[in-house]
Each structure stands twice: as C-alpha cells, then as structure tokens.
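Here the protein sequences line up with chains B and C, keeping their order. Heads up: the first sequence begins at 22 in our numbering, then just goes up one per residue. Heads up: the second sequence begins at 28 in our numbering, then just goes up one per residue. Where is the CB? At the ideal position from N, CA and C, for every residue including glycine. All of these numbers come straight from a predicted model, not from anything done at the bench.
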Amino acid sequence: MGLTAKERMAIERNRMGEQPPDLRNRNFEEVPYGYTPEEAVNEAKRCLNCKKRTCVSGCPVEVPIPEFIALIAEEKFVEAARVIKTKNVLPAVCGRVCPQETQCEGQCIRGKKDSTQAVAIGNLERFVADYERENNLIELPEVTKKNGFNVAVIGSGPSGLTVAGDLIKLGYEVTIYEAFHRGGGVLVYGIPEFRLPKRIVESEIKALENLGVTIHYNSVIGRLYKVDELFKELGFDAVYIGVGAGLPIFLDIPGMNLNGVFSANEYLTRSNLMKSYLFPKYQTPMIIGKKVAVLGGGNVAMDSARTAIRLGAEKTTIVYRRSMEQMPARAAEVHHAKEEKIEFRLLSNPVEIYGNKDGWVTGMKCQNYELGEPDESGRQRPVPVEDSFFEFDCDQVLVSIGGQANPLITKTTPDIEINKWGYIVTDDWGRASRKFVYAGGDIVTGAATVISAMGAGRKAAKAIHEDLMKESNETTGDNGE
Amino acid sequence: MFEIVEKSEVFNVHKIVVTAPDIARAVRAGQFVIIMGAEYSERIPVTVSDWDAAAGTIVLYVLEVGISTLELARMQVGDSLFAVTGPLGVPSEIKNYGTVVLGGGCYGIGGIYPIAKACKEAGNKVISIIEARYKDMFYNEKALMEVSDKLLYATSDGSKGKKGKVEDVVCEMLEQGQKIEQAFFMGCTQMLERCSEATRSNSIPTKVALNSIMLDGTGMCGACRVSVGGQIKFACVDGPEFDGHEVDWNELHSRKAAYAEQEAGVYQSYSHECMAEKKFKQELERG
Chain B
22 MGLTAKERMA IERNRMGEQP PDLRNRNFEE VPYGYTPEEA VNEAKRCLNC
72 KKRTCVSGCP VEVPIPEFIA LIAEEKFVEA ARVIKTKNVL PAVCGRVCPQ
122 ETQCEGQCIR GKKDSTQAVA IGNLERFVAD YERENNLIEL PEVTKKNGFN
172 VAVIGSGPSG LTVAGDLIKL GYEVTIYEAF HRGGGVLVYG IPEFRLPKRI
222 VESEIKALEN LGVTIHYNSV IGRLYKVDEL FKELGFDAVY IGVGAGLPIF
272 LDIPGMNLNG VFSANEYLTR SNLMKSYLFP KYQTPMIIGK KVAVLGGGNV
322 AMDSARTAIR LGAEKTTIVY RRSMEQMPAR AAEVHHAKEE KIEFRLLSNP
372 VEIYGNKDGW VTGMKCQNYE LGEPDESGRQ RPVPVEDSFF EFDCDQVLVS
422 IGGQANPLIT KTTPDIEINK WGYIVTDDWG RASRKFVYAG GDIVTGAATV
472 ISAMGAGRKA AKAIHEDLMK ESNETTGDNG E
Chain C
28 MFEIVEKSEV FNVHKIVVTA PDIARAVRAG QFVIIMGAEY SERIPVTVSD
78 WDAAAGTIVL YVLEVGISTL ELARMQVGDS LFAVTGPLGV PSEIKNYGTV
128 VLGGGCYGIG GIYPIAKACK EAGNKVISII EARYKDMFYN EKALMEVSDK
178 LLYATSDGSK GKKGKVEDVV CEMLEQGQKI EQAFFMGCTQ MLERCSEATR
228 SNSIPTKVAL NSIMLDGTGM CGACRVSVGG QIKFACVDGP EFDGHEVDWN
278 ELHSRKAAYA EQEAGVYQSY SHECMAEKKF KQELERG
C-alpha cells in the first residue's frame, strides 16, 4: 500500500453516521449506523503502523491492532475480524462498549495532539465484526479432541462467555449456569438496545452453543447447587465464578424507598431484559417518569438517563458530585447524552428525596460540592460546600452509584477467601483460594468494564487449562506409567 | 422442562404442580421460586408449598391478580412454564422452639405447609391457623392437619371456626394463656401486619414471609427492598422472612401498590375470553 506517512496524516478521522438526536430520543434502535466499507478502508489508511505499538499495550487483551487495521486497508475484512478474534472473542460487543479513549485510542500517536484525531480503532473493530456476522462468514473455530474434563461456568456475562469459548476450543466439556432466563449477563439486562443490539449477544451465544457449550438458564448457583455440589454431585473438575458485581447501593438519605426511586439495575433490567418499553405486549410494567433525576456519572447512569428520555421523560438530569472531566462514563456516552438534551448538575449530591403522602417522589434537595485535594484514585476529592443547598422537582430518581458484592455464592461456599468488601480474592490468573475454583470480572474487581472482565476470563481459562493438564499428568504418573 | 403435571383451582387460588427436578432436590421450607408463564410474562415470585424430590416436582399456589397470573391460571396440564428459577431466599429457621403457631391466608394456606411439616419433624407442637372469607375457600386442609397438632379456622362470615381472622384466633389463644414460642405468618401484607401486631404485646418472636415486588430475585436489582429495623433489606436474598415487629409496614404497603395503576389498566382491558363459552365450543367441535 503505497501511502506515505504524510498522506496518511492528511486523512481526517471518519465520523460514523448516526441517528439524529431528535429521531433517536424516541426509539430504542442503535444510535451509530456503523461504517460503510469505504469509510472503514479510509479510516484504516490513517494508521501509521508504528513500530512501538502503544495501542496494543493500551488494550487489556492485547488485540493485534495494527495488523487488523492493515488488513482492513487491503479490504480483507473477514481476515481482519479473525485476527481480532485470536485475542478477543466478542469484538462486535467491545467495538461498541469499550472505553477506547482511555485504552487503545488513548495511546494512539495520532491522538497525541488532538485526542479526537486518534485512529477510530473501536469503530473499525465493530465494522469487521459486523461485516463477518451480517454476511454469515463466521467460521466455527477448530475444537480440539475432547480431553474428558468438565468445567462449570457460573454466569454468562462477558467473562463467563470468554472462559466458555476458550475452554470448549481446548477440548473441555463446558456448562454455563445462568440465573436469568436469557444469556449475556450485563450485556442483556444492563446495556440498552440502543447501545448494544441484543441480536449481537444472541449470535455470540448461539456460536458458543454450536461449539458444544451447554447453557442452563434459570439456574442460581449457591441456591440450586452449591459450588461444593458442582464438584461432588455433578462431577465438575473446575468451577469458574463470573457472577458480576451484584447488589446495588442506595444512599443513606431520607426518601430512598419512596415509590419512583429505582436502582439503575432495576430500571434497566425492566426496560432491557423484560422489554417493559413494549408494555403491555411484554407484561412487566414500568413507571414512566416525567422529570427524572439520575444519580451518578458512570456508563450505567448515562444508560439510565438515555433510557428515561426514550421512555418519554420530558426532562432528565444527571446529578453527579464531581466535575465533567472526572466522569467515569465513556466519552461517546456523555457526548450522546448531551446531544439528547440530558442536563448535568455537576458538583452536587442529594441529601434528601421528598415525597408526597402517598409515598411517591416529588423532588430532591441537593448540596453543592467543590473539588478539593486528590484522593487515592488521583481524582480531586469532591467536598461539600457548607450551607449551600438547592432543590428541584422530580418524579423519578434512578440511583446509579455503584454496587457491592453479591454474597449468594461466597456465603454458601465458606472456603473461598473474600476481601473486606466481599469480593473474591484471586491470584493474577483468577485462581481463588480453593483448588480448582476460579473467578473473574466484577465479582473480583468490583464494577469495571466488559473488556477487563473478558481479559480476566481469558487468563482464568489459561489457568484452568494449565492446572487441569498438570493434574492429569500427575494422575497418569500416579498410575505408575 | 417445567411441564405442568397437575392443576386445580379453589376460588381463584390455582394449584400448579410443575416438573422441576433440580429445584425439588434443593428446596427447603420457606423458599420461593420466580416463574414466567411465557417469554413475555412478568417474573413472579411464588412460595414453594410442597415438593417431591423423587418425582422431581414442586407445588405452587398462584393467585390470579393480573394479566401474567391470569395467563398462568389458564395454562393446562401438559403445558410448560417458560421459566422457573430457584429455590430463592433463605430457608425458614427450623429448630425445636416448643410451641409454634403458623398462620396462613390466601396462598399462605398452602405456603405454611412445608414450614409446619419441618417444625413438626423438629419436635415442635404445631398449631396451624388458616383464614378465608368463607368455609369453601379452604384447601390443602388434610395435608396441613397431618403435620399439625391442632388446625384452627377463621372465616369472615363465621361459616367455619372463629368468625374473624387469624389474628383473632391468636389473640384468643393468648387470652386463654396459651404459650407460643414462635410464630410464622404467610399471606397478604395486611394480614402479616395485623398478625404481627397481635403478637407484639406478648413479645412473641414473629416471622413474616414478605411478598414485596421482585424482579431478578438474586439481589441484583433492589426492587424488593424493605425497611426492617430501620435498615434496607432485600426480601429476595435477606428474606423472605423477617421479624414482623421490625418491618416498616406503611412503606411496604406503599411500595406494593407502585404498579397498581398500570396493572389494573391492562387487566381491565385484557381480552377476557369466557371460559364457559370456550369449553362449550370445544365440546361442540368434538361433537
């Protein structure tokens, strides 16, 4: 490809077409349309194929980024998708939900001067994964001969799917236990359709089933079977725990249990998994707020606010105690939220939620905050401003300030070590304190990203393989061979 | 999976026996399942009222109150539920308390059975009290009788047992000097509140099985949160049983009514097919 670096530098970043805000704020269709092949090739030509591959080091699963981009520039889209899949089994998902600006694109040399000019690695990843899927070009990977070991995977979120995908290819029998009636975990109950169409998740799960992975739905491990019983009664050789973060946190302020106050988890689960935006065709009801306040500044808060707008809210306000720069949400989500006329009340934190005599939310009292000294995370700590309060009306409050560890499994499996927050303690490779028990994703780290959960799943799959193969060799040795 | 193998009805309480071998193996007294009739149904929490581990079946009593339960009520033997998830919740604490009173109303008449049975097996003197508006609305009495030392009735019209409700029987027992070491109550929220008030003055340890609105049932959403002793608790993972003297009843009543408007709306406008007419048509077709 005969482009000089200068010619590559001259190409502007290709913007992805998307539904205009006035149209999309009334539907649940995906917001960006995706690149056309021409746009993708043009974008791929912007990559300088640097010797020092900083983008790859910015990726938690080390996708060979320059290689797949070079293939796109040669219009070898399917080949590009397969290169990604050597490292990332869910590229159509990650292309959409990864925080690229702090990972691969954040390291891109082309974004050094102007961060909006980094190569659009996420968009390209999404393009090739969609191209492969939509043209039915997904090839089943080769599966090694069965090795006789059985692995149970608890949870079908991003880390569980990754573990299952890696191990089935290595010859293991893999059984996933999913608590809900559909698979995908946070990808289906949490992330809304307009950000990640559910057909993509379904297609990934179908692909795993085609490889031979068994999925048991409606199966809450810890209650239906304890981890102990998975080993002793069902004969599993290893168990991977990827159950996610779990319990939502509510603020310790008056009014938290008023009607109209939801955890973001509940609100999003109703809308996404239970499809209550199609009520009453789908029978799970939803309370439609007119003036909605969303507490928090992460992706879940943005998802909640943008869902509220689509369900018919007249005014939606994000209440966040830090500043815009410190928001943990993806840049694209904040940008989309602003375009959809979601308001931001920054440096403010609720101190009371008001209700009427029937127990319904009517408004909120907040305290103003200012930024103080940096805390251990390096972010400036928000400090309340004394005697500085304001009030505003709202009829719905969506609480999105994080979660705590779900104790369902750890309480029923006392020999797994947990830390003081209840998260499972593992080594760098996902090994828990009990032999042949592994864990990864939010139940180890607390709320994090899809890609980091996948990264943890990948490592744990390696550890499971290593440990079981070692065990197998030792057993063979014991038999005197 | 989840095939209905037996079904019957007593005045709007629908007994549904479902094939669910893994659940039948694991369930303990006081636990519940979340069921969905169809892919588009609500997720509904239902107490597991009995089970047969060998046959791989569980017994549920479902009250028709909205469209999802209406559709469940109309399912037939041979049909399958879309989803049955469980067992969920913490099992009842069973030990030898001495004398145990179990009060049940509505679906709780069926729901207290496994707790009564387990209490009896643990050596307790078990007094079961069940309430209904009218004597023909009782069900499962024979089974309950077998695991109770005494079975008492309360009816609104006085057609059987005491005229009144479970708490009236409890009050009468206390007046007569009956010692009660532990009480369990299961039924509608009003009943649970009234029964808890009845045992409060004598400080009788009282467990109530709360039935707040639930979604996932694994602690993930917090829809079922209740205030118990001033603390937020999740009925699905911390409960369903709580100390009846510590529950914030006003809050619970209000939260239970949150979707009343939407639910009543669709229930009223649901295309009600006359079941008698349907049956008549089927008969005609058969000749």
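(request) Can you tell me which of the three DSSP states Phe165 of chain C falls into? (result) coil
(request) With DSSP as the reference, label Gly424 of chain B as helix, strand or coil. (result) strand
(request) Just the C-alpha distance for Thr107 of chain B and Phe89 of chain B, rounded to the nearest angstrom, thanks. (result) 11 Å
(request) Have a look at B:Gly393, B:Ser421, B:Ala484, B:Ile130 and flag the residue whose alpha-carbon is nearest the alpha-carbon of Ser284 of chain B. (result) B:Ser421
(message) Under 7 Å, CB to CB, which of the residues in the region 243-257 of chain C have a partner in chain B?
(response) Asp243, Thr245, Gly246, Met247, Cys248, Gly249, Ala250, Arg252, Ser254
(request) Quick one: list the residues of chain B neighbouring Ala53 of chain C, beta-carbon separation under 8 Å, in chain order. (result) Arg244, Leu245, Tyr246
(message) Suppose only complete runs of 4+ residues qualify. What are the alpha helix (DSSP H) ranges in the region 48-104 of chain C, listed by chain order?
(response) 48-53, 94-100
(request) State whether the region 150-165 of chain B contacts the region 424-443 of chain B, with contact taken as three or more CB pairs (one from each stretch) at a distance under 8 Å. (result) no
(message) DSSP three-state label for Glu502 of chain B, please.
(response) Caution is warranted here: a pLDDT of 38 is assigned to Glu502 of chain B, below 50, making its placement in the model unreliable, and no coordinate value can be reported.
(request) Taking the CB atoms as reference points, tell me whether Val196 of chain C and Lys187 of chain C lie closer together than 8 Å. (result) no
(request) Determine which residues share a DSSP beta bridge with Lys336 of chain B and list them. (result) B:Lys312
(request) Note down, in chain order, all residues in the region 106-134 of chain C with a beta-carbon under 9 Å from any beta-carbon belonging to chain B. (result) Phe109, Ala110, Val111, Thr112, Gly113, Pro114, Leu115, Gly116
(message) Could you check whether the Cβ of Thr25 of chain B sits closer than 8 Å to any Cβ belonging to chain C?
(response) no
(request) Can you give me the Cβ contacts of Leu279 of chain B inside the same chain, cut-off strictly under 7 Å, excluding the 5 residues immediately before and after it? (result) Ile374, Gly376, Gly380, Trp381, Val382
(request) Select from C:Ala225, C:Val153, C:Cys248, C:Ala110 the residue whose C-alpha is nearest the C-alpha of Lys346 of chain C. (result) Since the displayed chain C opens at 28 and closes at 314, residue 346 of chain C lies outside it and no answer follows.
(message) Helix, strand or coil, according to DSSP, for Ile189 of chain B in the structure here?
(response) helix
(request) Say whether chain B places a C-beta atom closer than 8 Å to the C-beta of Asp79 of chain C. (result) no
(message) Assuming Ile156 of chain C is part of the beta strand (DSSP E), what are its boundary residues?
(response) 152-159
(message) Classify His280 of chain C: buried if its beta carbon has 16 or more other beta carbons within 10 angstroms, exposed otherwise.
(response) exposed
(request) Report all residues from its chain with a CB closer than 6 Å to the CB of Lys296 of chain B; omit the five preceding and five following residues, and keep chain order. (result) Tyr303
(request) Identify the contact partners of Arg282 of chain C in chain B, using a Cβ-Cβ distance below 8 Å as the criterion. (result) Asn278, Asn280, Gly380
(message) Rounding to the nearest angstrom, what Cα-Cα distance links Glu502 of chain B and Glu492 of chain B in this structure?
(response) Its pLDDT being 38, under 50, Glu502 of chain B is placed unreliably by the model, and nothing is read from it.
(request) Keeping to the same chain, check which residues put their C-beta closer than 6 Å to that of Asn213 of chain C; ignore five residues upstream and five downstream. (result) Here residue 213 of chain C is Met; the residue named in the question, Asn, does not match the sequence. Within the same chain, Met213 of chain C has close Cβ partners Gly131, Gly135, Gly138, Ile139, Ala236.
(message) Bridge partners for Ser254 of chain C per DSSP, in chain order?
(response) C:Ile259
(request) Check each residue of the region 197-221 of chain C: if its Cβ is closer than 8 Å to any Cβ of chain B, include it; give the result in chain order. (result) none
(request) Output yes if chain B places a C-beta closer than 8 Å to the C-beta of Ile94 of chain C; else output no. (result) yes
(request) Rank B:Gly206, B:Pro53, B:Ile330 by C-alpha distance to the C-alpha of Ser240 of chain B and give the top, closest one. (result) B:Gly206
(message) Within 10 Å of its beta-carbon, does Phe98 of chain B have 16 or more other beta-carbons around it, so buried, or fewer, so exposed?
(response) buried
(request) Within the same chain, show all residues whose beta-carbon is closer than 8 Å to that of Arg244 of chain B, passing over the 5 residues directly before and after it, in chain order. (result) Leu429, Thr433
(request) Have a look at the DSSP bridge pairing and note the partners of Leu178 of chain C. (result) C:Ser155
(message) Counting only Cβ-Cβ distances shorter than 8 Å, please list the residues of the region 303-316 of chain B near chain C, keeping chain order.
(response) Tyr303, Gln304, Thr305, Pro306, Met307, Ile308
(request) Kindly identify the DSSP beta-bridge partner or partners of Asn389 of chain B. (result) B:Ser369
(request) At 8 Å on the CB atoms, spell out the chain C contacts of Leu429 of chain B, in chain order. (result) Thr245, Gly246, Val264
(request) Buried or exposed for Thr165 of chain B, please, with buried defined as at least 16 other CB atoms from any protein chain shown within 10 angstroms of its CB. (result) exposed
(request) Determine the contact status of Arg131 of chain B and Ala139 of chain B, defining contact as a CB-CB distance below 8 Å. (result) yes
(request) Out of B:Phe257, B:Met37, B:Glu397, B:Ile270, state which residue places its alpha-carbon closest to the alpha-carbon of Gly425 of chain B. (result) One point to set straight first is that residue 425 of chain B is Gln, not Gly, in the sequence displayed. The candidate whose alpha carbon is nearest that of Gln425 of chain B is B:Ile270.
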